[in-house]
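Under our numbering, the first residue of the sequence shown is numbered 2, with each subsequent residue one higher.
Don't be surprised by glycine CBs; every beta carbon is placed ideally from N, CA and C.
Below is one structure, written out as structure tokens, with a few remarks after it.
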Amino acid sequence: MEEDYSQQVVFLDSGSGLTEEWARPDRHRRGSEKRFVVSTKAALWQVRKLLHFLRGRQTSFYLPTFSSDLVPTATMTSGLSTLSVQNVGYTNFVRARSPKNVIRVVPVSGAAFLRTIASSTVVDDNTENITITTTWPSTLTTAQILRIEFVEKVRLASDSIKINHRRGGSARVITCPVKTVLE
Numbered sequence: 002m003e004e005d006y007s008q009q010v011v012f013l014d015s016g017s018g019l020t021e022e023w024a025r026p027d028r029h030r031r032g033s034e035k036r037f038v039v040s041t042k043a044a045l046w047q048v049r050k051l052l053h054f055l056r057g058r059q060t061s062f063y064l065p066t067f068s069s070d071l072v073p074t075a076t077m078t079s080g081l082s083t084l085s086v087q088n089v090g091y092t093n094f095v096r097a098r099s100p101k102n103v104i105r106v107v108p109v110s111g112a113a114f115l116r117t118i119a120s121s122t123v124v125d126d127n128t129e130n131i132t133i134t135t136t137w138p139s140t141l142t143t144a145q146i147l148r149i150e151f152v153e154k155v156r157l158a159s160d161s162i163k164i165n166h167r168r169g170g171s172a173r174v175i176t177c178p179v180k181t182v183l184e
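Dropping the structure here:
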């Protein structure tokens, strides 16, 4: 999957001496592609209706990263609002700032659910505790969790959409570039 990051960087250079570079670390804009694979004309029409509804770059929407961004290290107990995960530097670098403050927990069986991160703390070199704003609906062991992914607010990065067709006219792959929205 292709991915890019764009960020405004300011260079201060008087033509003599050291050059200074400055950037806001919390203002990067991640870009990637969302792909739809369809096999019937009805499914193609559903995706086309969705893309028309989004009106190109005008409407923002929430999109999961579809990767294991956080790995749980302990059971998620029903009624609690904490999550123990492998230390990936979330507390030191992200600090529950947008766009990395909404997670989607995808169980092996059952429906996925969204949670907003309120804060996080480092327990040791291998573990971080993340506190969420609402409690867990059910108890899930680490084996019952397929992945925990970030959910970002994005918009289409272009008004152009690429649709690859098979023989016979049915579409196979629809590719849409997206960019993170910083709101």
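If you check the CB distance, V103 and T117 come in under 8 Å. Counting only runs that start and end inside the stretch 92-166, the beta strand (DSSP E) elements of at least 3 residues fall at 103-108, 114-123, 128-133, 146-157, 163-166. When secondary structure is reduced to three states using DSSP, F54 falls in the helix class. Measuring C-alpha to C-alpha distances from L115 to each of I149, T142, N93 identifies I149 as the nearest.
A Cβ-Cβ distance of about 34 Å is found for the pair P138 and A158, leaving them out of contact under the 8 Å criterion.
For S61, DSSP records a beta bridge to R156. Remark: three or more beta-carbon pairs, one from each stretch, lie closer than 8 Å, so the stretch 72-85 and the stretch 125-145 are flagged as touching. If you look at L84, you'll find it in the beta strand (DSSP E) that goes 83-87. Here R168 carries a coil assignment [DSSP, helix/strand/coil]. In the structure shown, V39 falls within a coil segment according to DSSP collapsed to helix, strand and coil.
In the structure shown, V48 adopts helical secondary structure according to DSSP, grouped into three states. Its chain contains E150 as the residues whose beta carbon lies nearer than 7 Å to that of F67, once the 5 sequence neighbours on both sides are disregarded; these appear in chain order.
In this structure Y63 touches V152 by the C-beta definition: roughly 5 Å separates them, less than 8 Å.
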